[in-house]
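Inspection log for the structure reproduced underneath, given as structure tokens.
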Amino acid sequence: MPQPAVRLVWLGRVPYAELLASQECWLRRLQAEPSPEALSGTEAGALLLCEPAGPVYTSGLRGGLTPEEAARLRALGAEVRVTGRGGLATFHGPGQLLCHPLLNLRRLGLRLRTHVAALEACAVRLCEFRGLPGARARPPPYTGVWLDERKICAIGVRCGRHVTSHGLALNCSTDLTWFEHIVPCGLVGTGVTSLSKELQRHVTVDEVMPSFLVAFKEAYKCTLVSEDTPN
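Residue numbers 1 to 231, in the UniProt record's numbering, belong to the letters of the sequence shown in order.
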């Protein structure tokens with residue numbers, strides 16, 4: 001049987017709001033399908049990728065930021081947004097790869113937990129490609145990918161009508177000082193890191209993209225079809 005196809009949508013370096021708008025467009029399209037069989041051919045959804053153009057703090061379904069904290073973060077020059085993903089507060093900004101898979105889990109034969117595990121596997125595999133074999137996933141509440149006690153990739157997802165949204169944020173050359181203003185993901189006593197910090201050289205989002213796409217195809221057993229914008 002042919003592998004399911006996923007549309008690859010590279011948005012470039014864009015404001016976080018543009019990623020959310022594209023995500024909503026794909027969600028409406030995919031959730032409107034009455035059944036997996038209504039998707040054309042073997043199509044299973046879309047993979048939205050971007051690099052945030054500016055600093056953004058986001059909170060999830062479990063909260064994470066009080067109104068006073070949000071005001072303090074805005075005073076630093078960052079956006080603050082409430083999202084529908086799982087988890088608490090985290091940071092997104094330049095030098096970070098954001099991956100939002102909009103996938104019909106029924107078409108892929110996945111459960112939500114295996115979808116999260118596949119996202120973790122993508123980040124672990126990418127770290128291995130970059131020469132960091134110590135990267136690993138940890139059980140909740142430490143969802144994401146870690147190098148010892150340093151988190152290099154945050155994961156927060158949502159699923160409605162069998163279609164996923166949100167995804168992962170992988171630190172490539174992110175300015176890690178932005179994380180000092182929050183307790184990332186509500187985990188006290190842990191740190192954050194990036195590929196650049198671990199490898200002691202500047203690692204861009206563009207540099208890691210080819211490896212990440214290989215890792216995604218391995219983890220989801222799919223093919224990727226390039227597309228600039230959703231139909």
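Using N, Cα and C, we set each Cβ at its ideal position, and we do this for glycine too.
No experiment lies behind these values; they were computed from the predicted model shown.
query = Thinking just about the alpha-carbon of each residue, which of Ala5, Lys221, Ser22 is nearest to the one in Cys99?
reply = Comparing alpha-carbon positions, the option among Ala5, Lys221, Ser22 lying closest to Cys99 turns out to be Ser22.
request  = Just tell me which of Val145, Val9, Ala32, Ser59 has its CA closest to the CA of Gly191.
outcome  = Out of Val145, Val9, Ala32, Ser59, Val145 has the C-alpha closest to the C-alpha of Gly191.
request  = May I ask you to report which of helix, strand or coil DSSP gives Tyr57?
outcome  = Correct three-state label for Tyr57: strand.
Length of the line joining the Cα atoms of Tyr16 and Cys159 = Each residue's Cα considered, the two are about 20 angstroms apart.
message = Is Ala89 a contact residue of the ligand GTP, with contact defined as CB to any heavy atom under 7 angstroms?
response = With respect to the ligand GTP, the structure shown offers nothing to examine, as it has no ligands at all.
query = If you scan the stretch 71 to 128 from start to end, which runs of the alpha helix (DSSP H) of 4 or more residues do you find wholly inside it?
reply = For secondary structure counted as the alpha helix (DSSP H) over 4 or more consecutive residues, the stretch 71 to 128 holds these complete runs in sequence order: 105 to 108.
key: Span of the alpha helix (DSSP H) around Ala219   = Note, Ala219: alpha helix (DSSP H), 205 to 220.
request  = Can you give me the start and stop residues for the alpha helix (DSSP H) that Leu30 sits inside?
outcome  = Taken as a continuous stretch (DSSP letters only), the alpha helix (DSSP H) holding Leu30 covers 16 to 31.
key: DSSP state of Ser165 mapped onto helix, strand, coil   = Of the three classes helix, strand and coil, the one that applies to Ser165 here is strand, per DSSP.
ask   = Expressed to the nearest angstrom, what Euclidean distance is found between the alpha-carbon atoms of Glu227 and Gln96?
value = One C-alpha to the other measures close to 21 angstroms.
task = Could you pull the start and end residues of the alpha helix (DSSP H) that Leu199 belongs to?
result = Looking at the DSSP string, the run of the alpha helix (DSSP H) that includes Leu199 is 195 to 199.
ask   = In whole angstroms, what separates the C-alpha of Lys197 from that of Gly131?
value = Roughly 13 angstroms between the two C-alpha positions.
request  = Examine the Cβ distances between the stretch 4 to 19 and the stretch 136 to 144 and report whether three or more of them are shorter than 8 angstroms.
outcome  = Taking 8 angstroms as the limit for Cβ pairs, the verdict is that the stretch 136 to 144 does not touch the stretch 4 to 19.
ask   = Between which two residues does the beta strand (DSSP E) harbouring Pro52 extend?
value = Residues 43 to 52.
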